[in-house]
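Data first, discussion second: the structure below is written as structure tokens.
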Amino acid sequence: MKSAWERFEPNGWREYSLIDSGNGRKLERWGEVVTIRPEITAIWSPGLSDKEWHQLANAEFVQDGSRSGKWTRFKKCPDHWQISYPSSKGKLTFNLRFTQFKHIGVFPEQAANWEFIIDQVQRFPNPRVLNLFAYTGGASLAARAAGAEVTHVDSIRAVIDWTRENMESSRLTDIRWVVEDALRFVQREAKRGNTYHGVIMDPPSWGISPGKGKKKWKLEDQLVELIESTAEIVEKEYFLILNTYSGLANSTLETLIKTSFPPSNTACGDLILHSGSMRKLATGSCLRSWK
Ligand SMILES: C[S@@+](CC[C@H](N)C(=O)[O-])C[C@H]1O[C@@H](n2cnc3c(N)ncnc32)[C@H](O)[C@@H]1O
Numbered sequence: 184m185k186s187a188w189e190r191f192e193p194n195g196w197r198e199y200s201l202i203d204s205g206n207g208r209k210l211e212r213w214g215e216v217v218t219i220r221p222e223i224t225a226i227w228s229p230g231l232s233d234k235e236w237h238q239l240a241n242a243e244f245v246q247d248g249s250r251s252g253k254w255t256r257f258k259k260c261p262d263h264w265q266i267s268y269p270s271s272k273g274k275l276t277f278n279l280r281f282t283q284f285k286h287i288g289v290f291p292e293q294a295a296n297w298e299f300i301i302d303q304v305q306r307f308p309n310p311r312v313l314n315l316f317a318y319t320g321g322a323s324l325a326a327r328a329a330g331a332e333v334t335h336v337d338s339i340r341a342v343i344d345w346t347r348e349n350m351e352s353s354r355l356t357d358i359r360w361v362v363e364d365a366l367r368f369v370q371r372e373a374k375r376g377n378t379y380h381g382v383i384m385d386p387p388s389w390g391i392s393p394g395k396g397k398k399k400w401k402l403e404d405q406l407v408e409l410i411e412s413t414a415e416i417v418e419k420e421y422f423l424i425l426n427t428y429s430g431l432a433n434s435t436l437e438t439l440i441k442t443s444f445p446p447s448n449t450a451c452g453d454l455i456l457h458s459g460s461m462r463k464l465a466t467g468s469c470l471r472s473w474k
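All the letters of the sequence shown, read from the start, carry residue numbers 184 to 474 under this note's numbering.
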């Protein structure tokens, strides 16, 4: 069994780039639109001047609380536009828009996982893939484009509607949508005896659960239970991706998987976006496990 430490970076995505980062912000290009967004880990000095950032940017998100804030537009730009990722199984198209939580509709660093998903899916004759905390579905689109039967779980219905748009724009069909708490769904699948060849999960620090009076997702209280329940619903040969943006160290993720899953290959590391050769922005941690 192999165990490796890596940096996971998207490759060859011409429609997205991190132009610069520093002073707690990042300057990014999404097709025709350039944005400035807060980035707590960009503690260094940027490569370009503030004037250059504002000459390039169409809009900036300024935080007014811990998560919320608002967009200020400097130049005319669309409210809604598209970019595509050129995967080896065709274009994955994302519908982008400015949201109230600084997001645009895609986590670009996740593109580092999409080709891995495509390769893994192709190992199996009739692959079934489960994407938990699935947001606008980059991983779901990659798995579906590679031929998997995909179940996409997110607790917010509006996010599922947004992913359906992305599926249609990517000329894909038949993703199974589930509006549900991820942990509850996995536990129910275990009871039903349903299994998957691939599971992808991106659990936030805290989350929202549909339904009144239902227990809210809290990473520190429920991650172990989620990993242990997931181990019950994977096939003997499987792949798993666990991403987190909540500051859990790579070694912690690796230990969690190794103590719950049978021995497997693992690769663990930071999810990276870079501008130039010096400024490497570590946006989150990622663990891949496969057998
Ligand atoms: C960090 S985002 C995932 C981003 C995703 N990796 C991607 O690349 O698009 C977290 C997602 O988890 C969803 N979520 C929050 N609490 C949840 C819960 N209890 N069960 C299922 N989904 C939840 C949110 O609606 C959000 O879409």
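Glycine is no exception: its CB is placed at the ideal position from the N, C-alpha and C atoms. All of these numbers come straight from a predicted model, not from anything done at the bench.
Take the Cβ of residue i as the centre, count every other Cβ of all protein chains shown within 10 Å, and call the residue buried at 16 or more, exposed below.
i: Glu292; result: buried
i: Trp227; result: exposed
i: His335; result: buried
i: Lys272; result: buried
i: Glu211; result: buried
i: Glu222; result: buried
i: Lys285; result: buried
i: Pro386; result: buried
i: Ala331; result: buried
i: Pro269; result: exposed
Within its chain, find whatever has a CB closer than 6 Å to the CB of residue i; leave out the 5 residues flanking it on each side and keep chain order.
i: Arg471; result: Ile424 and Ala450
i: Ala477; result: With the chain covering 184 to 474 only, the question about residue 477 has no answer from this structure.
i: Phe422; result: Gln303, Gly381 and Trp473
i: Gly205; result: Ala225, Trp227, Ser228 and Pro229
i: Gly252; result: Phe244, Val245 and Gln246
i: Glu411; result: Ser443
i: Leu313; result: Thr334, Tyr379 and Val382
How long is the line joining the alpha carbons of residue i and residue j, rounded to whole angstroms?
i: Phe191; j: Arg375; result: 35 Å
i: Ser460; j: Glu198; result: 19 Å
i: Glu415; j: Val245; result: 43 Å
i: Ala325; j: Ala295; result: 11 Å
i: Lys274; j: Gly195; result: 13 Å
i: Asp453; j: Arg327; result: 25 Å
i: Thr442; j: Thr319; result: 30 Å
i: Ala527; j: Ser429; result: For residue 527 there is no data in the structure shown, the boundaries of the chain being 184 and 474.
i: Thr218; j: Ile202; result: 10 Å
i: Ala369; j: Phe257; result: Position check: residue 369 holds Val in this sequence, whereas Ala was assumed. Roughly 45 Å separates the two Cα atoms.
Starting from residue i, follow the beta strand (DSSP E) in both directions and report where the run begins and ends.
i: Phe299; result: Not the beta strand (DSSP E): Phe299 falls in the alpha helix (DSSP H), residues Ala294 to Val304.
i: Glu192; result: No beta strand (DSSP E) contains Glu192, which DSSP labels as neither H nor E.
i: Asn314; result: Arg311 to Leu315
i: Gly394; result: It is not in any beta strand (DSSP E) - Gly394 carries neither H nor E in the DSSP assignment.
i: Met384; result: Tyr379 to Met384
i: Lys185; result: No beta strand (DSSP E) contains Lys185, which DSSP labels as neither H nor E.
i: Lys463; result: Arg462 to Trp473
In the DSSP assignment, find the unbroken alpha helix (DSSP H) run with residue i in it and report its ends.
i: Ala326; result: Gly321 to Ala328
Skipping 5 residues on each side, what residues in its chain have a beta carbon closer than 8 Å to that of residue i?
i: Ser392; result: Ser338, Asp364, Arg367, Lys398, Lys399 and Trp400
i: Leu355; result: Leu324, Arg327 and Ala328
Between residue i and the rest of its own chain, which residues show a CB-CB distance below 7 Å, the 5 nearest in sequence each way excluded?
i: Ile266; result: Glu198, Tyr199, Trp213, Gly214, Phe277 and Leu279
i: Asn377; result: Ile416
i: Asn349; result: Thr276, Phe277, Asn278, Thr319, Gly320 and Leu324
i: Arg371; result: none
So that I know if they touch, is there some Cβ in chain C lying closer than 7 Å to that of residue i?
i: Arg220; result: Among the protein chains of the structure shown there is no chain C, as only one such chain exists.
Please go through the stretch 341 to 374 and give each complete beta strand (DSSP E) segment of 3 or more residues, from N-terminal end onward. 359 to 362
What runs of the alpha helix (DSSP H), each 4 residues or longer, lie entirely inside the stretch 399 to 459? 402 to 414 and 433 to 443
Fully enclosed by the stretch 198 to 272, which beta strand (DSSP E) runs are 3 residues long or longer? 199 to 205, 208 to 213, 216 to 221, 242 to 246, 252 to 256 and 263 to 270
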